[in-house]
Amino acid sequence: MSQKHVFEGRKPMVSDTIYVGSINPVKVNAALNTLSDTLEHDFDAQGVAVPSGVPDQPMNEDETRLGAINRIKAMLAHHQGGLTDAWYVAIEGGVDVFEDGPATFAYVAIYHEGHWSVSRSASLPIPVSVYQALQRGEELGAVMDKLFDTVNVKQKGGAIGLLTLNHATRQSVYEVALTLAMAKFHFPDLYTD
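Residue numbering for the sequence shown follows my numbering, beginning at 47 and increasing consecutively.
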């Protein structure tokens, strides 16, 4: 195989449905927009309410990553191992404390015909007071709603939209993370599972 051929990329076989491990419209739309764009194919996206197997507010990277993977595994179990040609996407938002302070981020997972790609989004620094509320058991969306007098912001721009003056949103950050995770499907010969 020539070097040129390896880097030309391949378009995987596609079905018409993306199964998303959440009924949150931000996550469903992020998956639909990203896969439709990157695969240049018209899809329908179906949100599926599945358990993450982690707390509603994941408090570290490990829990957040596991939540995304568990959501796909739950959808695969529901579809007896997965439907032929179907795409499965899950997005799990979480928080952790890093060297520079607390931040929120998401893990994304994509599954297609036996192949996985798992990646993490960019981080948004969050105020220490917000992180402390999360440590007391509150969820980020609810804390932000109280702080900014909004309603159900987690199904809109999220903390990201509020804290960046809507220069970025929860959905836009998810779309970038999913776009990066799709690299393994564009160039399968360059990646091994």
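A virtual CB, placed ideally from N, CA and C, is assigned to each residue, including glycine.
Would you grab the beta carbon distance between residue i and residue j for me? Rounded to a whole angstrom, and I think it's under 8 Å.
i, j, result
"L180", "Q103", "6 Å"
"V164", "A155", "5 Å"
"T80", "L224", "4 Å"
"V96", "A120", "4 Å"
Straight-line CA distance for residue i to residue j?
i, j, result
"A77", "F233", "19 Å"
"G113", "K73", "14 Å"
"Y220", "N212", "14 Å"
"S167", "V222", "7 Å"
"A136", "Y157", "9 Å"
"F144", "E159", "35 Å"
"F194", "S68", "25 Å"
"P148", "G93", "30 Å"
"E54", "L236", "Low local confidence applies: a pLDDT of 43 at E54 is under 50, so the model's placement there is unreliable, and no value is given."
"V174", "L122", "38 Å"
Short of 6 Å in beta carbon distance, which residues of its chain neighbour residue i, apart from the five on each side in sequence? Order them along the chain.
i, result
"K200", "G187"
"P58", "Bear in mind that a pLDDT of 46 at P58, under 50, signals an unreliable position, so the number given afterwards is only what the model happens to contain. Counting only Cβ-Cβ distances below 6 Å, and skipping sequence neighbours, we find F231."
"M190", "V199, A205 and L208"
"R117", "G67, V96, S98 and A136"
According to DSSP, residue i sits in a beta bridge with which residue or residues?
i, result
"D142", "A149"
Which same chain residues, not among the five before or five after residue i, have their C-beta less than 7 Å away from its C-beta?
i, result
"Q49", "Here Q49 scores only 35 on pLDDT, less than 50, and its place in the model should not be relied on; the value that follows carries that caveat. There are no such residues."
"D90", "D62 and T63"
"L226", "S165"
"G203", "N212, T215 and R216"
With a threshold of 8 Å on Cβ separation, who are the neighbours of residue i within its own chain once the five nearest residues in sequence on each side are excluded?
i, result
"D88", "D62 and S82"
"T150", "G139, G140, V141, S169, L170, I172, L186, A205 and I206"
"H161", "K230, F231, P234 and D239"
"G183", "Q103"
"H124", "V94 and V96"
- Fully enclosed by the stretch 145-170, which beta strand (DSSP E) runs are 3 residues long or longer? 147-158 and 161-166
- Query: Which parts of the stretch 162-231 are runs of the beta strand (DSSP E), unbroken and 3 residues or longer, counting only runs that do not cross its ends?
  - Reply: None, since the stretch 162-231 contains no complete beta strand (DSSP E) of that length.
- Message: As an exercise, report each continuous alpha helix (DSSP H) stretch of at least 4 residues that is fully enclosed by the stretch 56-140, in chain order.
- Response: Runs of the alpha helix (DSSP H) spanning 4 or more residues and lying entirely within the stretch 56-140 occur at 71-85 and 107-124, in chain order.
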